[in-house]
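Protein chains in written order, with full-length UniProt numbering: chain A, 1 to 227; chain B, 1 to 417.
And the structure:
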């Protein structure tokens, strides 16, 4: 998967690149509209990560550009301008998703993967990880051919873990991924703990390995190297 | 009270006093003038009779009811004209009347006569009556004109003032247009208008600055905060000790808190700026249901007893996004501050949204939770902006929030007017 990151803040760009590169995503970066258009004309990208407030204009112009040049690329808008208008406008103009800043890097990865699945794989994808396989179209998980009885949230959680495997995912990131913006108001994260516990239990009962590890008090890690 | 009415009342009172004093003056003047003229007339009459006596008319034959001639001792000195009021018989009216009596003595042919002549005086009551009637008529005429003036004149004079008022009333920060008031020939109104124009311009500038500031602030803080978050997430993935993990966790949580505060404040600013127009009513019931469903796991986790009574088509004029923020906030609160195995009742109908939940009872007046950064428990991790957002939303859309404790339950009601 090859993406273009259009973001003028070098630190943020670096954060995103170093996280995504480890996931086998090829990242190219530009810091303004002009360079972005240049790149878009010369290369083919699966997805664009687009900031809206750029030094030489509004990122929404890129959406027009893509439409006019009939480029087949997906767009994920990231913006600190948390305004509803921009969100609606962006999605109207053909963006595939909108992620308000600040976001968790794990969430960015999950969204990129989801966009990729939707557009390139027609929404259906078989994710196989050792004995666990996920079908994103059917929302079904099999562990060594046993179908797991998971709730929608548990399925999302597992998908989130596998997408971000080998990474430490903070409790906050999990809460936000599953319940959206406002749950971060729920100060204690017992409910995350509870959900992870249930998921681990269900996988173990079906005969799967317990890949999910607790990392001190910070969060969890889906560790493929578990013995 | 209208200014014009106040002016009228004052004007009427002052006129009444002026007319009263004027009336008194006129009365006094009238009285003395009449007495003076009457005295002169009587004097002339007496002189005329004296002449007749001098020319040989017998004094005792002249006497009649108005005239009195009396011989007094010759040695007495001549008496000057002497006027006095008396009551005497008045023939034509056939009764005693107030009369003016003038007397004077003459020495004619070795005899000394005191000649007194009476005449009826104009009675004070008559003067008073005349004066009062006159003054009253003047007063009535004045009132008539005053009424006329307040009806028509003042409307005409105050028209520019009312126009200015209308313009101020329709002044709106959203339209972003300073006041433009028409030129005026009345100096005071012109002064007021130019002052208002300048003020509106300044208000708009300040408003724009504050708006830009709050927008920039949220952007400017969110970017570095996003960087911090990213760096900390990277750090988490390094080889770290538990001690380091705890430090990362603590830094991470504080950063999240900054984030939350900035986001909430920017939401408050947007609400205060009257963004999120609500052109039409929307049905809240699906939103409430959706939010409760989204919280199912959290509700189960706390073993809450949930009862809902949601009436369909409970419509309120509110922006759909804001409706979600409002309900999310309220239900979040009701779950967050609840106790293990507590209660959560949600009732929605055309008039109100009522959320009841168990929880620790507050020491202070629950209404204070609507204030910014006000928390029931100072140690709690919440930032204390949730309910002030609720309050701001209610103010923006003319709803009424009420927070009470009833039967040991927290009861938050939003009344739709």
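Ideal placement from N, C-alpha and C gives every residue a C-beta, glycine not left out.
As the structure is a computational prediction, the values presented were derived from the model and not from experiment.
Original post:
For the alpha helix (DSSP H) that contains residue 357/B, what are its first and last residues?
Top reply: By one-based count along the second chain, residue 357/B stands at place 357. Residue range 352 to 357 is occupied by the beta strand (DSSP E) that includes residue 357/B, with no alpha helix (DSSP H) assigned at that position.
Original post:
Less than 7 Å separating the beta-carbons of residue 8/B and residue 150/B?
Top reply: One-based indexing of the second chain puts residue 8/B at position 8. One-based indexing of the second chain puts residue 150/B at position 150. Yes; because the gap between Cβ atoms is below 7 Å, this pair is in contact.
**OP:** Find the residues of chain B that neighbour residue 194/A, judging by a C-beta separation of less than 7 Å, and give them in chain order.
**Re:** The residue labelled residue 194/A in the question sits at position 194 within the first chain. Those are 301, listed as they occur along chain B.
**OP:** Please list, in chain order, all residues of the same chain as residue 31/B whose beta carbon is under 8 Å from its beta carbon, the five residues on each side excluded.
**Re:** Residue mapping note: residue 31/B aligns to position 31 of the second chain, counting from 1. Within the same chain, 124, 127 come within 8 Å of residue 31/B by CB-CB distance, once the 5 residues on both sides are set aside.
**OP:** Find the residues of chain B that neighbour residue 218/A, judging by a C-beta separation of less than 8 Å, and give them in chain order.
**Re:** By 1-based counting over the first chain, the position of residue 218/A is 218. In chain order: 236, 245, 248, 249, 252.
Original post:
If we ignore side chains and look at the alpha-carbon of each, how far apart do residue 450/B and residue 205/B end up?
Top reply: Absent from the structure is residue 450/B, since the part of chain B shown begins at 1 and ends at 417.
**OP:** Pick out whichever of 42/A, 53/A, 30/A has its Cα sitting closest to the Cα of residue 13/A.
**Re:** In the first chain, the residue the question calls residue 13/A occupies position 13. Shortest Cα-Cα distance from residue 13/A to any of 42/A, 53/A, 30/A involves 30/A.
**OP:** Please report how far the alpha carbon of residue 98/A lies from the alpha carbon of residue 341/B, in whole angstroms.
**Re:** Walking along the first chain from the start, residue 98/A turns up at place 98. Walking along the second chain from the start, residue 341/B turns up at place 341. Going from the Cα of residue 98/A to the Cα of residue 341/B covers about 38 Å.
**OP:** Please go through the same chain and pick out, in chain order, the residues whose beta-carbon is closer than 8 Å to the beta-carbon of residue 200/A, but skip the five residues on each side of it.
**Re:** Position 200 of the first chain, counted from the start, is the residue given in the question as residue 200/A. Counting only Cβ-Cβ distances below 8 Å, and skipping sequence neighbours, we find 210, 212.
**OP:** Kindly list, in the order they appear in chain A, the residues whose Cβ is closer than 8 Å to that of residue 259/B.
**Re:** The sequence position of residue 259/B within the second chain is 259, counting from 1. Ordered by position in chain A, the residues that pass the 8 Å Cβ test against residue 259/B are 102.
Original post:
Among the residues of its own chain, which have a CB less than 6 Å from the CB of residue 413/B, if the five just before and after it don't count?
Top reply: Position 413 of the second chain holds residue 413/B. Answer for residue 413/B: 352, 354, 402, listed in chain order.
Original post:
On the three-state DSSP scale, how would you describe residue 116/B?
Top reply: Position 116 of the second chain, counted from the first residue, corresponds to residue 116/B. It is a strand residue.
**OP:** Identify which residue in 321/B, 300/B, 78/B has its Cα closest to the Cα of residue 286/B.
**Re:** As a position in the second chain, residue 286/B is number 286, starting the count at 1. Of the listed residues, the one whose Cα sits closest to residue 286/B is 321/B.
Original post:
Do you know how far the Cα of residue 58/B is from the Cα of residue 118/B?
Top reply: Residue mapping note: residue 118/B aligns to position 118 of the second chain, counting from 1. Residue mapping note: residue 58/B aligns to position 58 of the second chain, counting from 1. Taking the Cα positions, residue 118/B is about 20 Å away from residue 58/B.
Subject >> Beta-carbon neighbours of residue 53/A, restricted to chain B and to distances below 8 Å >> reply: For this step, residue 53/A is matched to residue 53 along the first chain. Correct list: 219.
**OP:** Drop a sphere of 10 angstroms on the beta-carbon of residue 132/A, count the other beta-carbons inside from all chains shown, and report buried for 16 or more, exposed for fewer.
**Re:** Taking the first chain and counting its residues from 1, one reaches residue 132/A at position 132. Buried, by the Cβ-count rule.
Original post:
DSSP on residue 16/A, reduced to helix/strand/coil?
Top reply: Here residue 16/A corresponds to residue number 16 of the first chain, with the count starting at 1. Here residue 16/A sits in helix by DSSP.
Original post:
Looking at the structure shown, is residue 11/B part of a helix, part of a strand, or coil, going by DSSP?
Top reply: Along the second chain, read from residue 1 onward, the residue named residue 11/B stands at position 11. DSSP places residue 11/B in helix when its eight states are reduced to three.
Subject >> Residues near residue 104/A by beta carbon distance below 6 Å, same chain, minus five either side >> reply: Locating residue 104/A in the first chain gives position 104, counting from the first residue. Closer than 6 Å at Cβ, skipping near neighbours: 173.
Original post:
Using the beta-carbon of each residue, which ones in chain B are nearer than 7 Å to residue 144/A?
Top reply: As a first step, residue 144/A must be located in the first chain, where it is residue number 144. What residue 144/A touches in chain B: nothing, since even the nearest Cβ is about 27 Å away.
Original post:
From the beta carbon of residue 360/B, is the nearest beta carbon of chain A less than 7 Å away?
Top reply: The count along the second chain starts at 1 and reaches residue 360/B at position 360. No - not a single Cβ of chain A is within 7 Å of the one on residue 360/B.
Subject >> CA nearest to the CA of residue 61/A, picked from 72/A, 42/A, 89/A >> reply: Locating residue 61/A in the first chain gives position 61, where the first residue counts as 1. Residue nearest to residue 61/A within the set 72/A, 42/A, 89/A is 89/A (criterion: CA-CA distance).
**OP:** Provide the residue span of the alpha helix (DSSP H) that contains residue 126/A, from first to last.
**Re:** As a position in the first chain, residue 126/A is number 126, starting the count at 1. Unbroken run through residue 126/A is the beta strand (DSSP E), 126 to 129; no alpha helix (DSSP H).
**OP:** Look up residue 147/A in the DSSP assignment and say whether it is helix, strand or coil.
**Re:** Taking the first chain and counting its residues from 1, the one referred to as residue 147/A is at position 147. Note: residue 147/A maps to strand in three-state DSSP.
Original post:
If you run the structure through DSSP and keep just helix, strand and coil, what is residue 76/B?
Top reply: In the second chain, residue 76/B corresponds to position 76, counting from 1. Reduced to three states, the DSSP call for residue 76/B is coil.
**OP:** Pull up the CB-CB distance for residue 178/A and residue 153/A, whole angstroms please, since I reckon it's below 8 Å.
**Re:** Your numbering for residue 178/A matches position 178 in the first chain. Your numbering for residue 153/A matches position 153 in the first chain. Under the criterion of beta carbons closer than 8 Å, residue 178/A and residue 153/A qualify as touching, at roughly 5 Å.
**OP:** Taking 7 Å as the cut-off, decide whether the C-beta atoms of residue 32/A and residue 10/A are in contact.
**Re:** Numbered from its first residue, the first chain carries residue 32/A at position 32. Numbered from its first residue, the first chain carries residue 10/A at position 10. In this structure, residue 32/A sits away from residue 10/A, with a CB-CB distance that is not shorter than 7 Å.
Original post:
Counting Cβ pairs, one atom from each stretch, are 3 or more of them under 8 Å apart for the segment 265 to 274 of chain B and the segment 201 to 215 of chain B?
Top reply: The segment 265 to 274 of chain B vs the segment 201 to 215 of chain B: in contact.
Original post:
Using DSSP with H/G/I as helix, E/B as strand and the rest coil, what is residue 22/B?
Top reply: Position 22 of the second chain holds residue 22/B. If DSSP states are grouped into helix, strand and coil, residue 22/B belongs with the helices.
**OP:** Take residue 281/B and list the residues in its own chain whose beta-carbon comes closer than 7 Å to its own, dropping the five residues that flank it on each side.
**Re:** The residue labelled residue 281/B in the question sits at position 281 within the second chain. So the qualifying residues of the chain are 315, 316, 317.
**OP:** Establish whether the CB of residue 191/A and some CB of chain B are separated by less than 7 Å.
**Re:** Residue numbering aside, residue 191/A sits at position 191 when the first chain is read from its first letter. Output row for residue 191/A: interface = yes.
Subject >> Classification of residue 16/A by the beta-carbon crowding that lies within 10 angstroms, buried from 16 upward >> reply: Residue mapping note: residue 16/A aligns to position 16 of the first chain, counting from 1. Buried: at least 16 other Cβ atoms inside 10 Å.
Original post:
Along chain A, in chain order, which residues have C-beta atoms closer than 9 Å to that of residue 225/B?
Top reply: On the second chain, residue 225/B is found 225 positions in, with the first residue counted as 1. 101, 102, listed in chain order.
**OP:** Can you have a look at residue 365/B and say buried or exposed, based on whether 16 or more other CB atoms are within 10 angstroms of its CB?
**Re:** The count along the second chain starts at 1 and reaches residue 365/B at position 365. Sixteen is the threshold: since fewer than 16 other Cβ atoms of the shown chains lie within 10 Å of the Cβ of residue 365/B, the residue is exposed.
**OP:** For residue 74/B, collect the residues of the same chain with a Cβ closer than 6 Å to its Cβ; drop the 5 residues on either side in sequence, then sort them by chain order.
**Re:** Within the second chain, the letter at position 74 stands for residue 74/B. Only 112 meet the Cβ criterion.
Subject >> Interface partners of residue 80/A on chain B, CB under 8 Å >> reply: The residue you call residue 80/A lines up with position 80 of the first chain. The answer, in chain order, is 218, 219, 222, 223, 226.
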